[in-house]
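Residue numbers (the working numbering), protein chains in the order written: chain F, 51 to 389; chain Y, 51 to 389; chain Z, 51 to 389; chain C, 51 to 389. Glycine residues also receive a C-beta, built at the ideal position from the N, C-alpha and C atoms.
Number of protein chains: 4
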Amino acid sequence: MIIVLKPEASADVAQELLDRIAEKGLKPLHMPGAERVVLGALGDERVLAELALESHPMVESLKPILAPYKLVSREMHPHDTVVRLGRTAIGGRGFTVIAGPCAVETESQMRNTIAATKAAGADAIRAGAYKPRTSPYAFQGHGIEGLKILRATGDEFGLPVVTEVMETADVEVVAEYADALQIGARNMQNYALLRSVGRSGKPVVLKRGMAAKVEDLLLAAEYLLAEGNEQVVLCERGIRTFETATRNTLDLNAIPYIKQKTHLPVLVDPSHGTGIRDLVAPMALAAAACGADGILVEVHEDPAVAWSDGAQSLYPHQFAQLMANLAPICAAVGRQLAA
Amino acid sequence: MIIVLKPEASADVAQELLDRIAEKGLKPLHMPGAERVVLGALGDERVLAELALESHPMVESLKPILAPYKLVSREMHPHDTVVRLGRTAIGGRGFTVIAGPCAVETESQMRNTIAATKAAGADAIRAGAYKPRTSPYAFQGHGIEGLKILRATGDEFGLPVVTEVMETADVEVVAEYADALQIGARNMQNYALLRSVGRSGKPVVLKRGMAAKVEDLLLAAEYLLAEGNEQVVLCERGIRTFETATRNTLDLNAIPYIKQKTHLPVLVDPSHGTGIRDLVAPMALAAAACGADGILVEVHEDPAVAWSDGAQSLYPHQFAQLMANLAPICAAVGRQLAA
Amino acid sequence: MIIVLKPEASADVAQELLDRIAEKGLKPLHMPGAERVVLGALGDERVLAELALESHPMVESLKPILAPYKLVSREMHPHDTVVRLGRTAIGGRGFTVIAGPCAVETESQMRNTIAATKAAGADAIRAGAYKPRTSPYAFQGHGIEGLKILRATGDEFGLPVVTEVMETADVEVVAEYADALQIGARNMQNYALLRSVGRSGKPVVLKRGMAAKVEDLLLAAEYLLAEGNEQVVLCERGIRTFETATRNTLDLNAIPYIKQKTHLPVLVDPSHGTGIRDLVAPMALAAAACGADGILVEVHEDPAVAWSDGAQSLYPHQFAQLMANLAPICAAVGRQLAA
Amino acid sequence: MIIVLKPEASADVAQELLDRIAEKGLKPLHMPGAERVVLGALGDERVLAELALESHPMVESLKPILAPYKLVSREMHPHDTVVRLGRTAIGGRGFTVIAGPCAVETESQMRNTIAATKAAGADAIRAGAYKPRTSPYAFQGHGIEGLKILRATGDEFGLPVVTEVMETADVEVVAEYADALQIGARNMQNYALLRSVGRSGKPVVLKRGMAAKVEDLLLAAEYLLAEGNEQVVLCERGIRTFETATRNTLDLNAIPYIKQKTHLPVLVDPSHGTGIRDLVAPMALAAAACGADGILVEVHEDPAVAWSDGAQSLYPHQFAQLMANLAPICAAVGRQLAA
């Protein structure tokens with residue numbers, strides 16, 4: 051940690067802070083300059099959080115030297131983590147495609163949609179039984195009945211299922227029916243939920259919040275790993291910016307950046323990342339090209355009558371075309387789609 | 051609702067959509083232009099959500115005519131709602147000052163801090179027993195022990211207490227000890243929590259999320275009112291933008307805008323809104339000048355040793371100075387501080 | 051144009067506005083609803099700008115039906131524009147790679163760098179003689195001497211050169227030495243410069259501003275086309291968001307969106323779009339995968355000693371590797387790199 | 051400057067960089083830690099820009115100790131600068147109100163509008179003769195004819211005039227007619243224009259760009275001061291964020307922050323900062339409360355027929371009411387409106 055003092059800070063202040071650093075077991079450094087006094091603290095600076103140095107009225111600014119996360123860091127764990135999702139693996143040489151409707155609507159909607167995605171080569175199913183909706187007047191999901199339909203569909207087609215859990219009280223029941231638990235963008239910093247899902251031991255898909263920096267996402271994942279759960283998949287799904295042409299701004303820069311910083315696999319959700327059906331396929335290809343480990347994509351048997359997110363859902367024939375187009379892109383970057 | 055069709059939409063598509071609008075009980079309108087066909091749906095367009103018109107491949111764009119919220123809308127409820135917080139009222143002629151430390155640390159820290167804020171004229175206490183922290187390694191609050199200290203402090207000084215609740219499982223216990231429940235920025239779209247807090251019947255302070263548009267905030271409040279709870283106070287606490295000089299960008303534009311759109315009172319949190327101690331007082335004055343109903347402000351007996359948020363906490367003497375400076379500003383806009 | 055009136059608007063106001071619409075030669079529509087009166091104006095609504103309807107105190111909101119740009123619109127001009135840059139074409143089946151250092155530093159730096167980019171297959175040269183720098187104390191470019199070195203390098207290697215022009219007074223001299231004029235992100239809404247460059251008749255590379263919506267970019271391009279210059283290439287180079295891990299947030303969503311809306315070709319600048327050397331290649335591949343017509347990329351013979359932007363400049367061997375990796379991605383999307 | 055090396059950096063790299071720092075005349079520091087080697091450079095670190103340390107492949111991150119600007123810094127120049135604008139001063143005890151229409155439309159529009167603003171107590175006139183417009187089809191201003199009307203209006207009412215200059219070629223003529231030159235938000239980083247306006251010696255009103263951090267604004271001002279012109283007034287006018295309820299997000303945090311960092315006065319433009327007539331007055335009051343030195347506000351004799359920006363222009367009676375409401379706020383913060 052580097053600590054820059056204000057110009058008016060006295061020598062006594064510098065000494066006081068150096069003493070506090072030493073008490074924490076770090077090596078203190080004193081660097082008096084012409085315009086500012088700079089202090090340093092070498093060692094595991096995370097323990098300095100307790101000193102709350104930024105609160106001192108004579109501290110101008112701080113610069114941490116190390117990342118604030120540990121367990122998710124590639125420095126601590128250089129090899130890629132592979133997350134098992136039924137017979138599918140996320141994070142290895144394969145490029146994983148998780149497809150399905152926004153919400154579980156009916157048995158036939160699920161069957162027809164997943165029959166199509168499976169035929170086109172999808173590896174797993176996504177669909178929501180609990181839906182976070184901006185308006186209280188919008189469809190909120192079928193709950194347990196939805197989970198049952200989802201499970202039955204997964205079993206019928208032999209595909210693992212990923213579905214969102216929105217509160218700690220539901221973690222147990224969702225974990226009973228699903229192969230992986232999704233934490234949605236709005237709940238990325240719902241710490242009670244993170245801890246509860248971490249303790250469930252189930253594979254987790256953690257979506258980036260709309261206002262979350264990549265560092266915030268990694269710290270949210272750190273909550274999961276701190277509970278002993280290493281089966282964590284990150285998911286970039288677009289951030290909120292000033293651009294209104296698209297629903298969100300898909301931040302693909304985050305993909306190679308995340309791959310540098312962490313050993314966890316990372317997916318891209320081009321459906322929420324764009325909000326516009328015609329942009330989903332190009333951005334799915336871009337995700338594969340820049341190193342994502344897979345995609346999470348919305349497909350509906352008939353998007354024009356979908357109960358939610360229809361505008362960003364692919365038609366089955368569009369999904370089949372996307373799979374065909376993904377194959378050579380994956381090959382070009384040394385990945386492969388499931389057979 | 052206005053529906054603009056794509057240039058290639060056929061007359062059959064237009065007719066199909068007009069029929070669906072009519073089936074929902076709205077009055078359909080057909081406006082064929084040279085370059086686009088425009089459809090209209092007059093009436094309570096909220097029922098159109100079920101039609102998911104934006105999903106139709108021949109729909110280019112939609113424009114709602116009415117706001118998506120109802121119960122929070124000033125159109126439905128023109129008079130200002132006044133929220134009772136013990137002997138304090140938020141939303142009337144008074145300007146309410148809720149002050150206290152970020153977190154409950156110790157009995158003496160609470161007593162010393164609140165003795166000072168009360169002496170300076172604060173109306174209520176804020177302090178957290180459950181703390182949402184970006185890092186799992188940061189202090190997470192004392193939980194129930196913190197609630198007990200908070201309650202005892204409130205009773206000792208005769209001031210109502212506001213504190214954050216982070217998950218549905220805690221709503222009951224927090225409601226037992228606190229006079230009002232705060233929903234934090236990170237949980238503004240935690241819908242399970244919103245419903246649970248709504249059902250508690252307790253006054254609520256709902257903070258705006260870091261990526262939430264004002265409309266999203268009002269829809270989150272709609273969840274609370276939809277559960278029968280009208281004792282809702284909104285709180286602007288800064289949004290996340292590209293500016294890094296301050297922790298957040300305090301969006302004071304939102305204050306007069308919110309006062310136009312809703313009957314609910316609105317507070318400003320200049321502590322989180324700036325993140326910098328020296329900016330808190332000027333922004334508190336600005337909040338009063340532009341029509342806020344009060345402030346939520348962090349004060350600590352000794353910010354330099356605060357366990358969290360010390361950099362944005364006022365010293366007691368700074369808070370006393372702020373109260374002195376607030377008085378003439380409040381008077382200038384026809385409000386008054388509590389005696 | 052759809053015009054929503056405020057609830058308190060009288061029938062007289064509606065009539066007044068309908069009359070003003072009719073006077074402009076548009077077909078007025080009156081749609082009285084239970085909660086709002088809605089008016090419509092069918093026809094070329096761009097003439098309505100003169101009415102400034104948004105200024106009327108009884109107008110609640112407006113919704114344009116048509117895009118505000120014309121000449122750049124694909125609706126008016128369905129076929130792709132191909133921009134000629136010496137022997138290179140931007141916008142056809144080829145994927146164009148324009149590479150070079152941030153700034154012209156010395157003759158040998160240019161020669162060594164371009165020898166390497168040409169050998170690896172680059173189609174054109176980029177380098178700045180006039181540099182917009184945030185700080186007045188940073189290197190501002192060599193000016194005319196830089197243009198001469200740039201021209202000589204282009205001639206030596208038989209490659210066209212693209213370089214930035216920063217003010218109208220320099221348009222003539224830059225046009226004399228360069229094959230295409232670049233308008234930088236900071237000048238995207240420098241309308242005097244747009245008009246001057248438009249009149250020059252030279253091919254233009256127009257970079258998106260850091261706070262520019264895609265619609266703003268298209269309107270800036272409209273200024274160029276309105277001067278009779280159709281040789282316009284757009285360039286996405288990242289927007290400014292809250293994310294600080296990368297210099298900018300590269301908005302690749304914009305690529306397929308722009309291809310839908312306009313006939314102009316579009317490049318991606320992954321160097322400024324990320325600001326980090328190791329992210330440049332993955333994002334260049336992503337750009338190719340999602341449909342960009344080429345890239346503008348910074349390469350330097352020795353980035354560690356570059357006078358500017360070294361942190362985002364590729365080493366020559368990294369550029370050669372990128373070209374090798376681009377080839378199969380381009381092939382996968384039906385494009386080809388120059389031989 | 052603090053330089054953090056990558057974990058894989060060798061001792062030779064550290065030595066190489068330390069040598070380069072010493073060559074520049076700064077004191078090098080070597081701080082080897084367990085996980086990272088950290089280097090320091092004490093002294094006037096601005097000379098380090100030439101080393102481009104961020105470009106070195108073994109440098110992980112940099113932290114400057116000092117601000118990148120000098121002449122605008124309060125550290126170098128502790129006392130407030132007062133800018134003279136005719137008989138008006140910006141930056142002293144007074145609170146300056148510069149009011150007028152968006153654009154010069156006609157002689158009578160100017161006369162009627164300014165008669166009203168002067169009667170209500172305005173100190174100066176604002177109005178544009180050259181208008182930067184997003185669309186090439188919108189009214190672009192009357193140019194020199196507009197300047198003449200503006201000058202005549204100023205002379206008639208004895209008020210100084212502020213008007214925008216959009217390109218270097220116009221600096222001379224605008225300086226001939228105006229008392230102060232405004233550089234608009236879109237041109238804040240048009241460095242050729244900054245230098246030209248700096249050399250004119252005229253007082254300048256420099257508006258913050260839509261995507262400009264406060265530091266960027268101060269660096270843009272540094273360009274003006276570097277040309278020897280200290281008569282510079284900054285202006286906060288809203289930044290671009292995800293919020294769409296208002297035209298821009300007025301960043302009032304910036305006001306007390308700017309007052310700390312620089313000796314230059316700062317105005318607020320609540321018209322562009324909100325884009326909504328009814329929000330202008332509350333935000334003007336907030337600006338005064340948080341320490342702004344004045345406001346720049348749009349007023350039109352009849353906003354409903356204004357040629358531009360009518361939706362954010364005050365009616366004359368609203369402006370008179372605003373002036374009446376500003377007086378006690380100014381008094382409360384120790385400022386005063388002109389008599």
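Check	Outcome
Nearest residue (CA-CA) to GLY360(Y), options ILE175(Y), ALA304(Y), ASP328(Y), ASN303(Y)	ASP328(Y)
Whole-Å CB distance - VAL255(C) paired with ALA230(C), under 8 Å assumed	6 Å
Contact the region 108-115 of chain Y vs the region 134-142 of chain Y: 3+ CB pairs below 8 Å	no
Contact check, PRO107(C) vs ALA354(Z), beta carbons under 8 Å	yes
In chain order, each beta strand (DSSP E) run of at least 3 residues that lies wholly inside the region 286-328 of chain F	316-318
Best match in LYS181(Z), PRO182(Z), ARG183(Z), ALA166(Z) for proximity to ILE175(Z) [C-alpha to C-alpha]	ALA166(Z)
C-beta neighbour in chain F for PHE292(Z), strict 8 Å	yes
ALA177(C) versus LEU92(Y) - alpha carbon distance	42 Å
Beta bridge counterpart(s) of ALA178(Y) as assigned by DSSP	Checking the displayed sequence, the identity of residue 178(Y) turns out to be Gly instead of Ala. Its beta-bridge partners are ALA153(Y).
Exposure of THR294(C), with buried meaning 16 or more beta-carbon neighbours within 10 Å	exposed
Chain F residues whose Cβ lies nearer than 8 Å to that of SER185(Y)	ALA99, PRO118, TYR119, LEU269, GLU272
Closer than 8 Å to chain C by CB, TYR307(Y)	yes
Simplified DSSP assignment, three categories, for GLN239(Z)	coil
CA-to-CA distance, LYS257(Y) to ARG201(Z), given in whole angstroms	58 Å
Sequence-distant residues of its chain with Cβ nearer than 8 Å to GLU85(F) (five each side left out)	PRO57
Where GLY196(Z) meets chain C, residues with beta-carbon distance less than 8 Å	Per Cβ cutoff of 8 Å: no residues; GLY196(Z) is ~15 Å from chain C at best.
Same chain, Cβ closer than 6 Å to SER250(Z), five either side skipped, listed in chain order	VAL221, ALA225
Secondary structure of ILE71(F), DSSP reduced to three states	helix
Close Cβ partners of ALA336(C) (< 7 Å) along its chain, the five nearest in sequence each way excluded	LEU302
Residues bridged to LYS113(C) [DSSP beta-bridge criterion]	ILE52(C)
Neighbour flag for GLU348(C) against chain Y, beta carbons, 8 Å	no
Chain C within 8 Å of THR296(Y), Cβ atoms only	yes
Sequence-distant residues of its chain with Cβ nearer than 6 Å to ALA72(Y) (five each side left out)	PRO78
Contact between the region 63-71 of chain Y and the region 52-71 of chain Z (3+ Cβ pairs under 8 Å)	no
Residue-level contact to chain C via CB, VAL221(Z), 8 Å cutoff	no
Exposed unless 16 or more other CB atoms sit within 10 angstroms - verdict on HIS367(F)	exposed
Nonlocal neighbours in the same chain, by C-beta distance under 8 Å from ARG124(C), ignoring five residues either side	GLN310, LYS311, THR312, HIS313
C-alpha gap between SER363(Z) and ALA102(C), whole angstroms	12 Å
Buried versus exposed, by CB contacts within 10 Å (16 or more), ARG287(F)	buried
The region 374-385 of chain Z / the region 374-385 of chain F touching (three or more Cβ pairs under 8 Å)	yes
Among ASP173(Z), ALA170(Z), GLY193(Z), the one whose alpha carbon lies nearest that of LYS181(Z)	GLY193(Z)
Nearest-angstrom Cα separation, counted from ASP266(C) out to ILE233(Y)	35 Å
Own chain residues within Cβ distance below 8 Å of VAL132(C), not counting five before or after	ALA139, ILE140, GLY141, GLY142, PRO315
Closer than 7 Å: ASP328(C) CB and nearest the ligand COA heavy atom	The ligand COA is absent from the structure shown, which contains no ligands of any kind.
Cβ separation of GLU95(Y) and MET51(Y), assumed to be a contact under 8 Å, to the nearest whole Å	4 Å
Separation of TRP357(F) from ASN162(F), as counted between CA atoms	15 Å
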